[in-house]
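Since the structure comes first, as structure tokens, the remarks are kept for the end.
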Amino acid sequence: MLSSKLNDSIQYVKSVGPKRAKVFAQIGLSTIRDLIFYFPSRYLDRTTIIKSNKAFELTINGFDGELTIIGKVVSTDVRRFGKKEILSVSLRDADGFFSCVWFQGVKFFKTRFETNQIFAISGKPTISKYNELQFTHPDFDQITEDESQVFYNTGKIIPFYRISKELKSSNIGDLSLRKIILSALDNYQSGIEETLPDFIISKFNLLSLKETVQQKHFPESFENIKKADERLKFEELFYLEIIVASRKFNYKEKLEGISLPIKTKLISNFLKVLPFELTNSQKDVLHEIRVDMANPKPMNRLLQGDVGSGKTIVSLISMLIAVDNNYQAVLMAPTEILADQHAKNISALLEKLNNIVPERKVSIALLIGGQSKKERNHQLDLIATQQADIVIGTHALFEEEVQFKNLGLVVIDEQHRFGVVQRAMLMKKGVTPDVLVMSATPIPRTLSMTVYGDLDVSVINEMPKNRIPIKTYLRGESKLHDIYTFVKSELHKGNQTFIVYPLVEESDKLELKAATSYYDELKETYFNDIRVGLIHGRMKWREKEDIMIQFQKKEIDVLISTTVIEVGIDIPSANVMIINDAHRFGLSQLHQLRGRIGRGTEQSHCILVTKDEFVASTERYARNLDYLSSAQIEKFKSSVRLQAMVKYLDGFKIAEIDLKLRGPGDIFGIQQSGFPEFKYVDLTTDGEILIEAKKEAFRIIEQDPHLRNPKHEVIRKHLIDHYSNNLKYAKIA
Numbered sequence: 000m001l002s003s004k005l006n007d008s009i010q011y012v013k014s015v016g017p018k019r020a021k022v023f024a025q026i027g028l029s030t031i032r033d034l035i036f037y038f039p040s041r042y043l044d045r046t047t048i049i050k051s052n053k054a055f056e057l058t059i060n061g062f063d064g065e066l067t068i069i070g071k072v073v074s075t076d077v078r079r080f081g082k083k084e085i086l087s088v089s090l091r092d093a094d095g096f097f098s099c100v101w102f103q104g105v106k107f108f109k110t111r112f113e114t115n116q117i118f119a120i121s122g123k124p125t126i127s128k129y130n131e132l133q134f135t136h137p138d139f140d141q142i143t144e145d146e147s148q149v150f151y152n153t154g155k156i157i158p159f160y161r162i163s164k165e166l167k168s169s170n171i172g173d174l175s176l177r178k179i180i181l182s183a184l185d186n187y188q189s190g191i192e193e194t195l196p197d198f199i200i201s202k203f204n205l206l207s208l209k210e211t212v213q214q215k216h217f218p219e220s221f222e223n224i225k226k227a228d229e230r231l232k233f234e235e236l237f238y239l240e241i242i243v244a245s246r247k248f249n250y251k252e253k254l255e256g257i258s259l260p261i262k263t264k265l266i267s268n269f270l271k272v273l274p275f276e277l278t279n280s281q282k283d284v285l286h287e288i289r290v291d292m293a294n295p296k297p298m299n300r301l302l303q304g305d306v307g308s309g310k311t312i313v314s315l316i317s318m319l320i321a322v323d324n325n326y327q328a329v330l331m332a333p334t335e336i337l338a339d340q341h342a343k344n345i346s347a348l349l350e351k352l353n354n355i356v357p358e359r360k361v362s363i364a365l366l367i368g369g370q371s372k373k374e375r376n377h378q379l380d381l382i383a384t385q386q387a388d389i390v391i392g393t394h395a396l397f398e399e400e401v402q403f404k405n406l407g408l409v410v411i412d413e414q415h416r417f418g419v420v421q422r423a424m425l426m427k428k429g430v431t432p433d434v435l436v437m438s439a440t441p442i443p444r445t446l447s448m449t450v451y452g453d454l455d456v457s458v459i460n461e462m463p464k465n466r467i468p469i470k471t472y473l474r475g476e477s478k479l480h481d482i483y484t485f486v487k488s489e490l491h492k493g494n495q496t497f498i499v500y501p502l503v504e505e506s507d508k509l510e511l512k513a514a515t516s517y518y519d520e521l522k523e524t525y526f527n528d529i530r531v532g533l534i535h536g537r538m539k540w541r542e543k544e545d546i547m548i549q550f551q552k553k554e555i556d557v558l559i560s561t562t563v564i565e566v567g568i569d570i571p572s573a574n575v576m577i578i579n580d581a582h583r584f585g586l587s588q589l590h591q592l593r594g595r596i597g598r599g600t601e602q603s604h605c606i607l608v609t610k611d612e613f614v615a616s617t618e619r620y621a622r623n624l625d626y627l628s629s630a631q632i633e634k635f636k637s638s639v640r641l642q643a644m645v646k647y648l649d650g651f652k653i654a655e656i657d658l659k660l661r662g663p664g665d666i667f668g669i670q671q672s673g674f675p676e677f678k679y680v681d682l683t684t685d686g687e688i689l690i691e692a693k694k695e696a697f698r699i700i701e702q703d704p705h706l707r708n709p710k711h712e713v714i715r716k717h718l719i720d721h722y723s724n725n726l727k728y729a730k731i732a
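Taking numbering that gives the first Met the number 0, the leading residue of the sequence shown gets 0, the next gets one more, and so forth.
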């Protein structure tokens with residue numbers, strides 16, 4: 000059967016053989032199927048290839064489109080105008096000469112062209128002051144002498160593939176790879192099995208999988224390439240959403256939950272002791288949570304809100320609803336320092352509550368890794384006997400020895416730091432408790448429909464009243480003296496400062512500032528007359544706790560830190576945040592760090608410090624993205640991050656930009672969430688396809704959750720064959 004032959008070794012394809020098969024295996028192509036689904040990275044439109052004299056004539060007569068000329072390199076020349084370099088490459092074809100010029104990335108581009116090499120040059124032509132046909136910053140592809148003739152004679156769109164150094168070492172270039180793939184398609188394409196049911200292909204006007212593969216490798220038109228891409232993207236998103244829908248079905252329908260209505264005046268009494276009034280957005284979210292908790296089906300809800308929007312107080316009220324029903328609630332935080340702070344803040348509020356309702360005192364337990372054995376055993380006993388109503392902790396809560404007597408609600412802070420595996424481990428501690436996961440990293444809509452598509456979503460979109468927007472600045476290192484002077488002026492007003500460095504100790508490999516060395520230096524120089532503290536991740540929990548208590552009590556004026564203070568730390572009198580080597584931090588991380596300030600009544604200031612030359616070049620790089628080398632693109636990404644921080648305070652806007660720069664998997668760890676990686680989809684541009692795929696997937700699972708209907712057999716088989724690892728938590732197969 001031809002379909003089974005697709006799993007045979009690639010060596011059986013004509014012109015491959017055992018020796019070349021080993022080379023293909025090095026880049027992940029081991030089977031015939033792998034080769035057939037190794038798609039081109041770009042295409043060259045043969046219909047726009049013309050001779051240089053014809054191109055000159057068209058351009059003189061006002062032609063305003065793009066075209067392609069194939070020519071041989073005659074010479075390269077780099078001219079200097081002050082500090083600026085210009086690269087000029089002269090080429091010729093059978094009918095005449097033409098040139099290409101680069102004003103940006105000269106150092107990179109001049110290494111790409113050598114005399115007598117043949118290139119297909121594509122772009123919008125102009126006429127230079129020397130009356131010569133010229134292309135500025137064109138696209139280009141190096142081709143062989145043989146290929147140059149093929150291009151002129153085929154009349155087709157030509158595919159180009161990523162040719163690795165391994166393939167090049169075996170004399171496999173674009174032309175030879177095209178011949179190998181054509182041979183594979185001629186002999187094995189009929190064995191490609193369809194992976195979507197006919198009714199879906201018809202409903203969404205998709206290409207069949209065989210036609211998709213054909214049009215990706217040897218397209219008849221660019222429109223057909225687009226249709227093939229849409230087919231691949233739809234399929235990828237459809238199966239991901241099938242997994243998401245199955246998770247949601249299993250959680251809501253299969254598992255037995257508990258009903259947690261408000262029974263007494265515990266919640267209303269708690270609202271009385273709050274030193275502030277909830278925002279309308281917090282009230283709306285609490286209503287959604289309250290309805291969910293009262294329903295006997297398990298709650299599985301995501302609570303989104305920007306840093307400082309008041310998610311923790313919403314989660315505490317939710318935990319008190321569980322306590323009101325004589326159940327325990329657990330709050331899991333990503334770090335010991337945050338768990339400790341949650342415990343202190345919640346204890347202070349509960350003490351006020353217990354004073355007005357002494358007959359029903361609410362108690363808490365804290366379980367973190369740095370506790371002594373005696374203290375830990377005591378906390379474990381409080382949890383097991385339900386002497387603790389609310390339990391706060393870190394990953395230590397996952398351990399088997401942690402036994403709850405009557406767990407009703409699980410709250411997970413900073414959801415993106417925990418995978419679905421960890422979440423499942425904690426949920427097993429109770430009989431399908433309600434689950435509330437929180438994220439202070441706002442999630443773009445497309446991501447919330449995928450990574451968190453099995454959760455109902457609530458959003459706090461309103462900041463507490465009288466919150467003054469933070470001002471953000473980008474400054475070069477030469478301004479540090481002025482920045483430190485500003486810190487002292489704020490200190491005289493009674494305000495404190497965070498100074499963040501990216502490392503604990505100096506690194507030989509990276510030119511990054513280090514918290515420990517700069518702590519020593521600043522104590523002896525700029526801040527020799529004020530109180531300076533140091534905190535970092537290598538400290539023991541007790542040490543970090545002592546430092547934070549001192550800072551909170553204003554016994555420390557300036558706190559030097561690593562990113563250990565990134566999440567959740569709440570010091571209202573700290574209104575200055577200085578982030579050194581800011582270009583080395585991720586956008587989400589910068590936003591989280593900035594969120595540590597702006598919680599008091601004074602104007603807050605976030606100062607991003609980077610190299611002077613980097614500040615000066617930021618705008619220039621941003622304008623010339625299309626012409627940057629790989630190294631420059633890395634700088635450009637940093638520029639975008641810093642510009643976004645200066646321009647935007649809205650976490651959702653920042654999250655959208657971060658998604659474009661980093662991709663979904665990098666931001667939220669799609670793999671750790673039990674999802675397949677995206678191979679064809681770009682969530683920044685494929686939102687419409689995602690919506691269609693999601694609707695169809697959820698409709699199918701709602702009607703046939705176990706995919707037993709014969710018309711769904713293709714879906715069921717493909718899931719089992721290709722997504723078995725991702726089905727562990729969906730339990731569909």
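Yeah, the Cβ is synthetic: ideal placement off N, Cα and C, and Gly gets one too.
Spatial neighbours of residue i in its chain, beta-carbon cut-off 6 Å, leaving aside the 5 residues before and after
i           : result
residue 685 : 232
residue 19  : 169
residue 336 : 543
residue 714 : 706
residue 244 : 696, 697, 700
For residue i, the three-state DSSP class (helix, strand or coil)
i           : result
residue 535 : coil
residue 124 : strand
residue 98  : strand
residue 191 : coil
residue 682 : coil
residue 709 : helix
residue 410 : strand
residue 462 : coil
residue 435 : strand
residue 696 : helix
residue 723 : coil
Boundaries of the alpha helix (DSSP H) in which residue i is found, first to last residue
i           : result
residue 16  : 16–25
residue 236 : 221–248
residue 272 : 265–272
residue 340 : 335–355
residue 603 : It is not in any alpha helix (DSSP H) - residue 603 carries neither H nor E in the DSSP assignment.
residue 214 : 208–216
residue 200 : 197–202
Pair within 8 Å by beta-carbon distance, residue i and residue j
i           : j           : result
residue 310 : residue 319 : no
residue 67  : residue 43  : yes
residue 368 : residue 541 : no
residue 331 : residue 431 : no
residue 493 : residue 572 : yes
residue 159 : residue 39  : yes
residue 522 : residue 534 : no
residue 99  : residue 55  : no
residue 363 : residue 345 : yes
residue 763 : residue 490 : Given a span of 0 to 732 for the chain in the structure shown, any question on residue 763 remains unanswerable.
residue 144 : residue 179 : no
residue 396 : residue 458 : no
residue 722 : residue 242 : yes
residue 653 : residue 604 : no
residue 602 : residue 467 : yes
residue 388 : residue 327 : yes
First through last residue of the beta strand (DSSP E) which encompasses residue i
i           : result
residue 555 : Run containing residue 555: none; DSSP gives neither H nor E here.
residue 477 : Premise fails: residue 477 is in no beta strand (DSSP E) and is neither H nor E.
residue 134 : 132–135
residue 574 : 573–578
Residues of its chain near residue i, where Cβ-Cβ distance is below 8 Å and the 5 sequence neighbours each way are ignored
i           : result
residue 94  : 50, 51, 52, 53
residue 688 : 229, 232, 233, 236, 680
Own chain, CB closer than 7 Å to residue i, minus 5 neighbours either side, in chain order
i           : result
residue 293 : 258, 259, 260
residue 89  : 73, 74, 96, 98
Which parts of the region 33–92 are runs of the beta strand (DSSP E), unbroken and 3 residues or longer, counting only runs that do not cross its ends?
-> Considered as a whole, the region 33–92 harbours 41–44, 66–80, 83–92 as its complete beta strand (DSSP E) runs of no fewer than 3 residues, in chain order.
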